[in-house]
Structure formats: C-alpha cells, structure tokens
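Enquirer:
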Amino acid sequence: MKKKDFIVLGCVILFLLPFFVSETVYSFYKTFNVEHGMIMSFLKFGILSTFGECIGLRISAGVYNRKGFGVLPRAIVWGILGMGISMAMTIFANGVPAFLKTMGMENATTVMGEALSGQKVFVAFCISVAMNTIFAPVFMTLHKITDTHILSHGGTLAGLFTPIQMGEIMANLNWRVQWNFVFKKTIPFFWYPAHTITFLLPGDTRVLFAALLGVALGILLAIATHKK
Numbered sequence: 000m001k002k003k004d005f006i007v008l009g010c011v012i013l014f015l016l017p018f019f020v021s022e023t024v025y026s027f028y029k030t031f032n033v034e035h036g037m038i039m040s041f042l043k044f045g046i047l048s049t050f051g052e053c054i055g056l057r058i059s060a061g062v063y064n065r066k067g068f069g070v071l072p073r074a075i076v077w078g079i080l081g082m083g084i085s086m087a088m089t090i091f092a093n094g095v096p097a098f099l100k101t102m103g104m105e106n107a108t109t110v111m112g113e114a115l116s117g118q119k120v121f122v123a124f125c126i127s128v129a130m131n132t133i134f135a136p137v138f139m140t141l142h143k144i145t146d147t148h149i150l151s152h153g154g155t156l157a158g159l160f161t162p163i164q165m166g167e168i169m170a171n172l173n174w175r176v177q178w179n180f181v182f183k184k185t186i187p188f189f190w191y192p193a194h195t196i197t198f199l200l201p202g203d204t205r206v207l208f209a210a211l212l213g214v215a216l217g218i219l220l221a222i223a224t225h226k227k
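Dropping the structure here:
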C-alpha cells in the first residue's frame, strides 16, 4: 500500500469510528434512519457507492480521482439510484413472500421475522433472485448510461444536468461485456448470494449493507473495464 492508500484508509476509519465508540451518535443514526429512510438511502449510496467507484479507479488507473471522473456528479446519481434500490428492496421483500404463500409456503411471510433457519434462508434467497433478475439488469444498464453521460461531459456538475442522449449511449454500449460479465456472471455468482445475506439482516440495516456492497461493485466495475 502506498501513502495515499493509508490516508484514505485512515479517513474511512475516522468516519466510521463514532458509530462504534459513541452510543449517542449511533442512537441518532438509528432514529434518523427510521424517520428519514429515503434521505438516508441517498446519503448511504451517495457516499459509499461513490467511494467504491473511486477504489475501482484506483485499481484500474492507479488514482482515486482524475479530471473528468466526476466524483460529485457520481455521488448525486448514486444517491438517486440508492433511493430506487431502497424502494425495490421494500417491494421485493414484501412481494416475494406473498407470492411464495400463493405457491403453498404458508409461513413465507412470518418466517422472515423469526430466527435464522433453512426456510428463512430459502425465502431470502428467493427475494434476492427475484430482485436481481427483474430489477438489477435495468438498474445496471441505467447506471452505465449515467456513467457514460458523466464522462462524456467531462465530469462536470453542469454536464450532469444536460439532457441524456439515451438512444445514442445505448447504441454504443458494449453489450457483450454487459451481458457476458455484468449480467451473466456478477448477478448469479455475486449478487444472488450477497443479497441473500442482505435480506437475512434486520430491516433497518439492509440498505446500509446494500450500500456497503457498492464498494464491491466499484471493484467489479473496474474489472469489467478490462473485459473485451
């Protein structure tokens, strides 16, 4: 690790330290999280997922930021996408157990509020598979479009708010990488198991854990940039 890596690691530790050493800070976090869930989703994803992309840039280019990368625009986009992820998690966490109940698993809803068991893991896995199969490809493609838009406007904040050329960007996406790596590999081999764990967690920690997975996403995106 280089000096700048230790500096970044130190900043992360200092950022997280109050949550572990101060009951007041942690209590405020839990209360604010319950009362303002969407605001917290925006902040969690805006900060953590953008940090993940910075790590991805460090892996692929050797730096955490560079001209045209657009850290602030990326944070804004991630915040908005994070609210969508929070909404999707709520929809699938409630809808999939209801669907399983119609398929004969009568306790599919109640088992999610009980202690860890094989049935609970099965329901959490079903929720993860449904969300990542139905929602994730659309989300990932939209993220790729906004990422391309940010880069094409030099990473400026003003550029972020210019009209997105959806058709042009979609026509020029590398769909081979999008399908062969992003969809076909990361979804079943990473996101299915990762979000199974997410849905086994208490409801008030799921979005935070999903946002922390944004760090992993940044690394995966860095790998994807090297795929042909």
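Numbering-wise (numbering that gives the first Met the number 0), the sequence shown opens with residue 0 and increments by one. Quick reminder that beta carbons are idealized off the backbone N, C-alpha and C, glycines included. Everything numeric in this text was worked out from a predicted model, so none of it was measured.
Taking 6 Å as the limit between beta carbons, can you name the residues of its chain near residue 197, skipping five residues before and five after?
Expert: Here the set comprises 205, 208 and 209.
Enquirer: Quick check on this structure: which residue in 153, 184, 25 and 16 has the alpha carbon closest to the alpha carbon of residue 66?
Expert: 153
Enquirer: Does the distance from the C-beta atom of residue 194 to that of residue 116 stay below 7 Å?
Expert: A distance of 7 Å or more separates the beta carbons of residue 194 and residue 116.
Enquirer: Going by C-alpha distance, which of 37, 124, 157 and 163 is nearest residue 141?
Expert: Selected option, being the one with the closest Cα: 163.
Enquirer: Taking its Cβ as the centre, do 16 or more other Cβ atoms sit within 10 Å of residue 183, making it buried, or is it exposed?
Expert: So residue 183 counts as exposed.
Enquirer: Using 8 Å as the cut-off, can you tell me whether the region 23-40 makes contact with the region 78-96, which would need three or more C-beta pairs spanning the two stretches below that distance?
Expert: yes
Enquirer: Verify whether the separation of the beta carbon atoms of residue 47 and residue 211 is less than 7 Å.
Expert: yes
Enquirer: In angstroms, rounded to a whole number, what distance separates the CA positions of residue 73 and residue 110?
Expert: One C-alpha to the other measures close to 38 Å.
Enquirer: From residue 31 to residue 175, what does the alpha carbon distance come to, in whole angstroms?
Expert: Going by C-alpha positions, residue 31 is about 42 Å away from residue 175.
Enquirer: CB-CB under 8 Å to residue 29, same chain, minus the five flanking residues each way: which ones, in chain order?
Expert: Correct list, in chain order: 203.
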